Amino acid sequence: MTNLPLWLDGLLAALVVIGAAFALIGSWGLAKLSDFLKRLHGPTKATTLGVGCVLIASSMWFSVAQGTASLHELLIALFLFMTAPVSAHLLIKAALKLDPSLRPPAPPSGPVDPRV
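With this note's numbering, letter number 39 in the sequence shown gets 40, and the count goes up by one each step, no holes.
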């Protein structure tokens, strides 16, 4: 077991707790929100941020423990941050194709009154 400085130990603990809280909030949103589009928002935003915080803490801990930079977590975060928005976009496109009533109404096309 590696002895870490107290400030680093506190920082890593805070990152893990914050990451777990965001992941819990995102999971709760997936389970409790009312429709598909709202349910998709929780995991793509909050859970991604939560996993990012845990990965930063893991990278910092392994970098200090091994004495060299830990790049495994960076690759995981890169993969997560690239795939989560793309998969959410594809899911929304598929949902709109199956149920066009999910599409929001078009904005008004007339002249816009600047006083409003």
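The beta-carbon is built from N, C-alpha and C at its ideal position, and this holds for glycine as well.
For clarity, every value in this text was computed on a predicted model and none was experimentally measured.
Q. Beta carbon of L76, beta carbon of L41: below 8 Å?
A. Along the sequence shown, read from residue 1 onward, the residue named residue 76 stands at position 75. Along the sequence shown, read from residue 1 onward, the residue named residue 41 stands at position 40. Not a contact, by the Cβ cut-off of 8 Å.
Q: May I have the straight-line CA-CA distance separating I113 from S88, to the nearest angstrom?
A: Sequence index remark: in the sequence shown, residue 113 carries index 112 (1-based). Sequence index remark: in the sequence shown, residue 88 carries index 87 (1-based). Just to set this straight, residue 113 is Val in the shown sequence, not Ile. Looking at the two C-alpha atoms, the distance is approximately 36 Å.
Q. Looking at G11 and V55, is the spacing between their C-beta atoms short of 8 Å?
A. One-based indexing of the sequence shown puts residue 55 at position 54. One-based indexing of the sequence shown puts residue 11 at position 10. Not closer than 8 Å, so no.
Q.
Let me make sure I understand the geometry here. Which of T45, K46, A70 has the alpha-carbon closest to that of I57?
A. Residue mapping note: residue 57 aligns to position 56 of the sequence shown, counting from 1. Of the candidates T45, K46, A70, the one whose C-alpha sits nearest the C-alpha of I57 is A70.
(Q) Tell me the DSSP secondary structure of G20 in three-state form. (A) Indexing the sequence shown from 1 puts residue 20 at position 19. Helix.
Q: Output the distance between the C-alpha atoms of L103 and K94, rounded to the nearest integer angstrom.
A: Locating residue 103 in the sequence shown gives position 102, counting from the first residue. Locating residue 94 in the sequence shown gives position 93, counting from the first residue. Each residue's Cα considered, the two are about 10 Å apart.
Q) Based on Cα-Cα distance, which residue from P115, V65, L38, H73 lies nearest to P101? A) As a working mapping, residue 101 is identified with position 100 in the sequence shown. Considering only alpha carbons, the answer is L38.
Q. Between which two residues does the alpha helix (DSSP H) carrying V52 extend?
A. Your numbering for residue 52 matches position 51 in the sequence shown. From DSSP, the alpha helix (DSSP H) with V52 extends over 49 to 67.
Q) In terms of residue numbering, what span does the alpha helix (DSSP H) encompassing T84 cover? A) By 1-based counting over the sequence shown, the position of residue 84 is 83. Counting along the chain, the alpha helix (DSSP H) containing T84 begins and ends at 73 to 99.
(Q) Given a cut-off of 8 Å on the beta-carbon distance, is the pair G27 and T48 in contact? (A) In the sequence shown, residue 27 corresponds to position 26, counting from 1. In the sequence shown, residue 48 corresponds to position 47, counting from 1. Yes, Cβ-Cβ distance for G27 and T48 is below 8 Å.
Q: Quick one: using the 10 Å Cβ neighbour count with 16 as the cut-off for buried, is S60 buried or exposed?
A: Here residue 60 refers to the residue found at position 59 of the sequence shown. It counts as buried.
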